[in-house]
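Step one of this worksheet: look at the structure below.
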Amino acid sequence: MTSAAPSARALFDALCRRIDAGQWWPADTRFEIVVGAVLTQNVAWRNVEYSLANLREAGLLEAQKLATTASADLQRLIRPSGFMRAKSETLIRAARWFLDDASHTRLPTDELRASLIDVKGIGPETADDIVLYGYERPVFIWDLYARRFLSAAGWAVPRSYEAARRTLQPLIDEGDFTTPELAHFHGLIVEAGKKARSCGGWEAFYPTLEVSQRG
DNA sequence: ACCCAGGGTCATA
DNA sequence: TATGACCATGGG
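For the first sequence, the residue numbers in this note's numbering are 366 to 580.
Given below as structure tokens:
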């Protein structure tokens, strides 16, 4: 990126002033965050709410129950959030993974992340969502919204999730963000992205953030 | 009708 | 390592 590009901290401060993220990842339990993270893959959160309501009504927002549920039954309940054949299998595998929750809690963050990515159907972004919101570890979510936002801010951002993470993680680390800040950061970025879309794109919306240089 | 959404897998080069 | 096809549903 150019030397004039704003720091992560300056971007965070600007978003805090301009955006209201509300309560970003609403969930009653850690397992509900795991389920929501899988269901929301490439799907609007509204669709996920329908599926979560179905699962809650069926008493399946519990790892022990979900782990032994037939895939066909699951598919019927999660149909509103799409990709039901793949996601039903992923949910069952994720529930089995979750049964070992006590030992996962003791893992260092990078090993927790790797353990999640080992579950088929859970990739880097879903893993980071779970690590951040479920296990409250300090990680930045390098999703498409973040990559678009940082590009608009003048950062040179690689295309893929993992390439962006590899290359730009040091710039986030410099900001010395706490876990609650990183959780808020992600929500702010996504809400800002939605706003930017309805305002005709980042080119129009970014300048209204009035990001301070060097701050 | 078209495009997108709080991605991941698999095949291919 | 990195790109592209494919997956499924609901809303604007």
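Quick reminder that beta carbons are idealized off the backbone N, C-alpha and C, glycines included. All values derive from a computational prediction rather than experimental measurement.
Residue state for residue 567 is assigned as helix, using DSSP reduced to three classes. A direct Cα-to-Cα measurement between residue 370 and residue 567 gives close to 16 Å. The three-state reading of DSSP puts residue 512 in helix, counting H, G and I together.
The C-alpha of residue 398 lies about 31 Å from the C-alpha of residue 521.
Excluding the 5 residues flanking it on each side, residue 390 has same chain C-beta neighbours closer than 6 Å at 498, in chain order.
When rounded, the separation of the alpha-carbon atoms in residue 546 and residue 561 is 22 Å.
Counting only residues of its own chain and dropping the five nearest sequence neighbours on each side, residue 442 has a CB closer than 8 Å to the CB of 416, 419, 420, 423 and 425. The beta carbons of residue 544 and residue 502 sit about 7 Å from each other, so the pair counts as a contact at 8 Å. Taking a 10 Å sphere around the C-beta of residue 387, we find fewer than 16 other C-beta atoms and assign the residue as exposed.
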